[in-house]
Amino acid sequence: MAAARIARNVLSRSNVFSLQNIVNKHARCCSVVAGSTQHALSVKRRIDKAREASLLGGGQKRIEKQHQKGKLTARERVNLMLDPGSFVEYDAFLEHDCTDFNMQKEKYPGDSVVTGRGTINGRMCFVFSQDFTVFGGSLSGAHAKKICKIMDQAMLVGAPVIGLNDSGGARIQEGVESLAGYADIFQRNVNASGVIPQISLIMGPCAGGAVYSPALTDWTFMVKDTSYLFITGPDVVKSVTNEDVTQEQLGGAKTHTSVSGVAHRAFDNDVDALLQLREFFDFLPLSNQDPAPIRDCYDPWDRMVPGLDTVVPLESTAAYDIIDVIQGVADDSQFFEIMPSYAKNIVTGFARMNGRTVGMVGNQPKVAAGCLDINASVKGARFVRFCDAFNIPLVTFVDVPGFLPGTNQEYGGIIRHGAKLLFAYAEATVPKITVITRKAYGGAYDVMSSKHLRGDTNYAWPTAEVAVMGAKGAVSIIFRGGKDQAKNEAEYIEKFANPFPAAVRGFVDDIIEPRTTRKQICQDLDVLASKRLENPWKKHANMPL
Amino acid sequence: VANTQQYGRSIYTSGARLKQMYWNDKSVEGEPMFEKVLIANRGEIACRVIKTCRRLGIKTVAVHSEADSMAVHKRMADEAVCIGPAPTSQSYLVMDNILKAVKDTGAQAVHPGYGFLSENTKFAAALADMGVQFIGPNSKAIHAMGDKIESKRIASAAKVNMIPGHDGVVQDAEHCVKLANEIGYPVMVKATAGGGGKGMRIAWNDKECRTAFRLSSQEAASSFGDDRMLIEKFIDNPRHIEIQVLCDKHGNGVWLNERECSIQRRNQKVLEEAPSSFVDPVMRKKMGDQAVQLAKAVGYDSAGTVEFLVDSQKNFYFLEMNTRLQVEHPITEMITGIDIVHQMLRSGKGHELAYKQADVPVDGWALECRVYAEDPYKNFGMPSIGRLTKYIEPLHIPNVRCDSGIQEGSQISIYYDPMICKLVTYGASRTEALNTMVTALDSYVIKGVTHNIPLLRDIITEKTFVAGDITTKYLQKTFPDGFQGKVLSETEKHELTALAAALYAKEQLIARSFKNQSRIPMKTELPTSWKLEVHLNNEDVKLNVTTKDNKFEVQIGERVYKVADTISFSTPLMDIKVDGQSHLIQLTERLGGNRYRIRYHGTVFPISIMDEQVAQLNDYMPEKVTLDTSTVVLAPMPGVLKSVSVSVGDSVAEGQEVAVLEAMKMQNSLVVAKSGKIKKVNYKMGDTVDEGDILVELE
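Chains F and Z supply the protein sequences, listed in that same order. Here the first sequence is numbered in the numbering used here, starting from 1 and rising by one per residue. Here the second sequence is numbered in the numbering used here, starting from 1001 and rising by one per residue.
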């Protein structure tokens, strides 16, 4: 009884399949011939029953258990994430066809995933939400088929796919069928990459081969304390390497957002995650055929930002927060940071300029002087490539003393990884606007969206210094063994520690007052909205992976 | 008009009569004046002095530390000289550097402002040797009044009312206890060279007396380089009222009425007003006359302040004389119309006082709130630091004066006083000045640093304060458990809730305003009503919002609030009408997931708003575990550890001091909240710590 009540609750809340409607239609059928009436009625009953069962997933007990863990059910999540009443479900009746281990006796309409489409603030997206209450959300052939279907549809119309992951792994009873299912999804993830945005929100366990689907999507978000991503769990780790490690340490949200860089951001709980996902979604175009979204903007496009005039400290080694600069220029000071706890020496994220989504990249002088190292390069490169793939203009704030030197970095392959960021910027054809706030030294200057990598507009603040390296190092080479190095250093600083060497060569288009930065960027974005630039035809580039 | 232009505004009285700010500022036409003045100070007071100099056509020289290279005072002055690195002991306090700047720039006079070298007789003497005028009293007067023992003798001789106490320096802690017992508790232990609440403590028994002596003398040694201590009877529940005096080199002197400075925390003033609601004309004259008697007795020849303690019977006792321009001088200027800085310059130049006592009126009422970068929730104000990412002074409001030395983008650093601004309002009556202050504080936008506006805003509407019933104990009495933020009435709670709900609805509408997303047709119909649950102060309120003719109708229970759609997420300050009545709110932060931080009546309230169905699901979300602060000692503010008195394994008792943190020149004793064994000590003496750093952990 209780189960039926909950099912009705869920039904009425979803507003799509109202029981009332079904009953009404059912009543209208009554005048038909007796025999076929009987049949029709029984079919109707079967439909109702199956739908009710499908809405209940693994049943009341398991729903309660899910709630006790501080997690929502697959349907609650979908309803919360999408606009009320917009969810259209696919394959609510699809069941697994496994007969081994007596599995034919345990069937749930819809199996262990809820799939469909709906809108977020009026815009279309496709969604799958794994149902932990059915077989622990394990992936059966049927489960995979459902996901593949909505992915195919999403590709067909050009709309994003959002996956809400909460699954124990493969359906072991199904064996290779389940593995095939994963691979079918992987293939679609890859085909869809760069065509439609793909977002994964990990809301429970996600282990084994399953982790590679989120890894192939554009964005992986996690829920703190209740989600885990790992290749093998703590038990296997213990038996293979004899390491003692908890789930949280091995693959919790903190690990993946701050140590491994696997996840892009973590949220407090299911509700917070889904609400913020809605806000994140609003930044993205629906596909690579759509322009970066523009929304109403009430923040004057030509607003002066007087605080920026003093944001760069006079002492060229003193730190400041590049996020102050980004928030200073962004609409309503709103900035959705991506990977805020990983490779903090580079800052990436989305903001709006005069209503239009832009991707913001900035070296962070507050952390490791804002130098580029392996992690920062990879973080930046992936962000830049996403923006380029989806027509999102790039705004880059440069204050970089160079690439981080040392054996650690060299052995780790900084050359290979640094090249990724260089490659990403050079390859990008979206509007690229660059502001050098202070240091732009060495190869890192070239990398950071420089004029030479087809930067569309490149500005320098009066505090900008574009040079091969800092004064001390430079002087020790130019005047090797020179006597009056202090004087030489002063000469070098006089010559290079200012924006002129770059400006007289046209490598920066203008030297601007920091307070005018927002106005300049907004103006340029308007002009560059009609930018057309294509790279030479190729099957695909060979990025230094 | 020229003189008021610099503040960008003029003064209005209740009769809407336009007045210039210094409408009563007198001087003799064509009298000679300095051509160039150096200001040996920083921040707001340097700016204040520069403004008057500019008005008078005097060229100005600023001195600044390296950290202040982009400071407002440096840029306001005609010339600027860098006098050293950031720490004051290497810049603003280094006499030689300033004297060199005077010589190099050819300044004829030096205005010292307050603090730093303003009461340093050596500095005044050195300037005199160079033939440069020190804008302040002669060094003899500074010396006599600067020494608290000497000043008492002089005051006593000049027939000024005195507090019982010991006539001399306290030798050590034991001597201190002995004297305390002679005078009778409570007693006040304070540094002879002290001021501004530093090196000053109250003791109620022998044990406290010893601690007070130890901490105060240490503080005095580090702040003033002089650890001599005084002791005197402590007057319970007193008011702190001071008289501004103005004297010349010709033996003339007038008093410019009183200032009520009772609202203090840790003996530092927070809120001042002039006149005092407690002082009647007879008492004012008595106090004023005694103050001028004292000034004349020491041959005083500039602007100065005589501080009195006043008991509930209107008896007043001499406290000390400050031989400098006082921080709170603007309120006196507002009610007298006199530019005190100008008059200081005039007497410095040797001109005769332009005022007779009858020329000094009490015209209207002025209030001053000291807006500080500090956290009012901790001990009524612990210094905070940061960068002013957004900063807008409420100068668009008539009768508001802001004396500040910072602007958007400025850095509030650990090196200097954390004052952001002196916010002054003026009115024909106290009520008028108070009402203006309410609007001014609500309109004041400060982001990037924690500030004390929540506390100030609460005080000026608190009923005993409004009634004028205050003492120096006001804060402890009014907020016995510390300041907890604005306590909302039922109506206020609903209004704030309605405002927040309207904000949510507006945000939902903007979120749907895509302009170029037409390839897949959007669902275009906008929602027109929402069923919401608003979470504020641990309470959930269910309500309905409907959009109707440019308004949001918010229904809470039976009541419908009509909130005008003047909501903007782009302006930090919103003036939104609820049922036709104007409400000033500030959206200080949008945290995502429809969580806002809204400043309302001064206090910032975290508010979370959810669709009713989302809120139902939210009940399943687990509570996040927060750090148990009873087993740790956190740094209450950024600073340097002066000492760490425990090590791992030590047993400590509840309330035992484990470390002393020095920040902004104040020594803060950090104690454990419960008894236990020390598990970890994370920092050592001399370490620099940030606010919230865990210093010591208990088992």
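Cβ atoms here follow ideal geometry from the backbone N, Cα and C, with glycine treated the same way.
| Query | Result |
| --- | --- |
| I'd like to know whether the C-beta atoms of K379(F) and Y342(F) end up nearer to each other than 8 Å. | yes |
| Does the stretch 1332 to 1347 of chain Z come into contact with the stretch 1240 to 1250 of chain Z, if we say contact requires no fewer than three beta-carbon pairs (one atom in each stretch) closer than 8 Å? | yes |
| Comparing alpha-carbon positions, which option in A368(F), P214(F), R454(F), F126(F) lies nearest E427(F)? | R454(F) |
| Drop a sphere of 10 angstroms on the beta-carbon of S140(F), count the other beta-carbons inside from all chains shown, and report buried for 16 or more, exposed for fewer. | buried |
| Excluding the 5 residues preceding and the 5 following I1694(Z) in the sequence, name in chain order all residues of the same chain whose CB lies nearer than 7 Å to its CB. | V1632, L1634, N1682 |
| So if DSSP puts K1269(Z) in a beta bridge, which residue, or which two residues, is it bridged to? | Q1264(Z) |
| With a threshold of 6 Å on Cβ separation, who are the neighbours of R438(F) within its own chain once the five nearest residues in sequence on each side are excluded? | V312, D399, T463 |
| What is the DSSP secondary structure of L229(F), reduced to helix, strand or coil? | strand |
| Give a yes or no on whether the minimum CB-CB distance between G547(F) and chain Z is below 8 Å. | Since the first residue of chain F shown is 1 and the last is 545, residue 547(F) is not available in this structure. |
| How far does the alpha helix (DSSP H) with V1292(Z) in it reach, from first residue to last? | 1281 to 1297 |
| Starting from the beta carbon of Y298(F), find every residue of chain Z whose beta carbon is closer than 9 Å, and list them in chain order. | I1510, S1568, F1569, S1570, T1571 |
| Would you say G1593(Z) faces chain F, with C-beta separation under 8 Å as the test? | yes |
| Does L545(F) come out as helix, strand or coil in the three-state DSSP assignment? | coil |
| Would a check of beta-carbon distances place A159(F) closer than 8 Å to chain Z? | yes |
| Using DSSP's beta-bridge definition, name the partner residues of K1036(Z). | K1059(Z) |
| Determine whether the beta carbon atoms of A474(F) and Y459(F) lie at a separation below 8 Å. | no |
| If we cut at 8 Å on Cβ distances, does G1704(Z) have a partner in chain F? | Limits of chain Z in this structure are 1001 at one end and 1699 at the other, which puts residue 1704(Z) out of reach. |
| Assess, as a yes-or-no matter, whether the stretch 81 to 100 of chain F is touched by the stretch 113 to 123 of chain F under the definition of 3 or more beta carbon pairs within less than 8 Å. | yes |
| By the DSSP assignment, the beta strand (DSSP E) with L201(F) in it spans what residues? | 198 to 207 |
| If you run the structure through DSSP and keep just helix, strand and coil, what is D1611(Z)? | strand |
| Please report the Cβ distance between N1161(Z) and F1316(Z), rounded to the nearest whole angstrom; I am assuming they are in contact, meaning their Cβ atoms lie under 8 Å. | 6 Å |
| Give me the DSSP bridge partner(s) of I1335(Z). | Answer by DSSP bridge pairing: none, since I1335(Z) is not bridged. |
| Determine the burial state of M1130(Z): buried for a count of at least 16 other Cβ atoms within 10 Å of its Cβ, exposed for fewer. | exposed |
| Report yes if the C-beta distance between G129(F) and R62(F) is below 8 Å; otherwise report no. | Position check: residue 129(F) holds Ser in this sequence, whereas Gly was assumed. No, the pair does not count as a contact, with Cβ atoms beyond the cut-off. |
| Which residues in the same chain have their Cβ closer than 6 Å to the Cβ of R28(F), if we skip the five residues on either side of it in sequence? | Only weak support is given to the placement of R28(F): the predicted model assigns it a pLDDT of 49, under 50, and the value that follows is read from those uncertain coordinates. Around R28(F): no qualifying Cβ. |
| Which residues in the same chain have their Cβ closer than 7 Å to the Cβ of S1675(Z), if we skip the five residues on either side of it in sequence? | V1652, A1653, E1654 |
| Quick one: is L139(F) near chain Z, going by C-beta distance under 8 Å? | no |
| Using C-beta distances below 7 Å, list every residue in its chain close to T1688(Z), excluding the 5 sequence neighbours before and after it, in chain order. | V1640 |
| For the beta strand (DSSP E) containing E248(F), name the first residue and the last one. | Run containing E248(F): none in the beta strand (DSSP E); it sits in the alpha helix (DSSP H), 247 to 251. |
| Going by DSSP, what residues sit across from A1564(Z) in a beta bridge? | K1551(Z) |
| So I392(F) and G362(F) are supposed to be a Cβ contact under 8 Å. How far apart are they, rounded? | Their Cβ separation, rounded to whole angstroms, is 16 Å, which puts I392(F) and G362(F) out of contact at 8 Å. |
| For the stretch 311 to 335 of chain F, which residues have a CB atom closer than 9 Å to at least one CB atom of chain Z, in sequence order? | V311, P313, L314, E315, Y320, D321, D324, Q327, G328, D331, D332, S333, Q334 |
| Along the chain, where does the alpha helix (DSSP H) that runs through C387(F) open and close? | 374 to 389 |
| Give the residues of chain F in contact with K1074(Z), contact being defined as C-beta atoms less than 8 Å apart. | Simply none; closest approach about 11 Å. |
| Taking its Cβ as the centre, do 16 or more other Cβ atoms sit within 10 Å of N1041(Z), making it buried, or is it exposed? | buried |
| Shorter than 8 Å from the beta carbon of R123(F) to some beta carbon of chain Z? | yes |
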